[in-house]
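Input: a single structure, listed below in structure tokens.
Residue numbers (my numbering): 1 to 244.
Set out below in structure tokens:
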């Protein structure tokens with residue numbers, strides 16, 4: 001499968017991390033569109049494998065079988081060129097990978113070392129041409145530790161639960177809304193304490209707090225960070241020439 005395409009030389013590799021429902025996918029996709037970059041939500045790969053494992057009754061206790069499922073998953077571009085669609089055997093399963101049963105199982109699947117290793121080279125190959133915003137939970141720390149720019153989106157569990165509830169048409173104060181909050185807290189605990197690639201901000205990441213932000217505010221913050229690094233990179237040859 002070919003998930004890559006040529007990118008404009010000299011454009012940045014941007015790692016965008018954060019906990020579940022922190023806005024990585026929507027913010028990253030919007031920021032990438034504004035600066036003319038590609039976008040990849042790596043969480044889709046893990047969600048796709050999780051959905052496929054559930055659909056085929058493959059247990060996470062069989063890591064080699066789980067690793068094999070990764071080869072059947074393909075990310076495809078949407079109408080705006082973002083790698084935001086999930087295909088299996090040519091069939092679009094994007095909606096399936098966002099269902100509650102996948103939400104409940106994806107953290108355990110994501111912690112399988114064999115699966116993470118199988119997807120590591122694939123993610124790095126996507127980023128290699130540059131001109132990409134890659135979102136996930138370990139992009140700046142594990143997948144792309146040498147990224148040109150690392151951004152970590154912070155948001156409280158309550159804020160993230162509210163957003164997810166509203167996306168699903170659920171009253172955040174209802175029992176269903178409370179269940180979403182509980183599930184997010186459990187996911188945070190699993191993601192931050194797992195032995196393999198735990199969720200954490202890279203030491204050199206730019207931390208952007210999104211609590212109380214309008215969506216546009218957070219997108220602007222990421223876009224400004226990208227343009228700031230681009231500008232500094234563009235001026236480096238001039239400074240080198242001036243000092244020579």
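Heads up, the beta-carbon is just placed ideally off N, CA and C, and yes, glycines get one too.
Original post:
What whole-angstrom Cβ distance do residue 210 and residue 127 have, given they're in contact under 8 Å?
Top reply: Numbered from its first residue, the chain shown carries residue 210 at position 210. Numbered from its first residue, the chain shown carries residue 127 at position 127. Not a contact, Cβ separation roughly 24 Å.
**OP:** Report yes if the CB atom of residue 31 is closer than 8 Å to the CB atom of residue 223, and no otherwise.
**Re:** As a position in the chain shown, residue 31 is number 31, starting the count at 1. As a position in the chain shown, residue 223 is number 223, starting the count at 1. Cβ distance < 8 Å, so residue 31 and residue 223 count as in contact.
Subject >> Alpha carbon of residue 60 to alpha carbon of residue 187, nearest angstrom >> reply: Working through the chain shown from its first residue, we reach residue 60 at position 60. Working through the chain shown from its first residue, we reach residue 187 at position 187. When rounded, the distance between both Cα atoms is 17 Å.
**OP:** Using the Cα positions of residue 221 and residue 208, report the straight-line distance between them to the nearest angstrom.
**Re:** Taking the chain shown and counting its residues from 1, one reaches residue 221 at position 221. Taking the chain shown and counting its residues from 1, one reaches residue 208 at position 208. Taking the straight line joining both Cα atoms gives about 8 Å.
Original post:
Does DSSP classify residue 154 as helix, strand or coil?
Top reply: Taking the first residue of the chain shown as 1, we reach residue 154 at position 154. It is a strand residue.
Original post:
Which of the three DSSP states, helix, strand or coil, is assigned to residue 132?
Top reply: Taking the chain shown and counting its residues from 1, one reaches residue 132 at position 132. It is a strand residue.
Original post:
Among the residues of its own chain, which have a CB less than 8 Å from the CB of residue 99, if the five just before and after it don't count?
Top reply: Locating residue 99 in the chain shown gives position 99, counting from the first residue. Cβ within range, chain order: 51.
Original post:
Which of helix, strand or coil does DSSP assign to residue 145?
Top reply: Here residue 145 corresponds to residue number 145 of the chain shown, with the count starting at 1. Correct three-state label for residue 145: coil.
Original post:
Contact between the segment 154–169 and the segment 33–48: three or more CB pairs below 8 Å?
Top reply: no
**OP:** Could you have a look at residue 207 and say whether DSSP puts it in helix, strand or coil?
**Re:** In the chain shown, the residue the question calls residue 207 occupies position 207. Three-state DSSP puts residue 207 in a strand.
Original post:
Any chance the segment 102–115 sits against the segment 191–207, with 3 or more Cβ pairs inside 8 Å?
Top reply: yes
Original post:
In the DSSP assignment, what residue or residues form a beta bridge with residue 38?
Top reply: If you number the chain shown from 1, residue 38 lands on position 38. Bridge partners of residue 38: 132.
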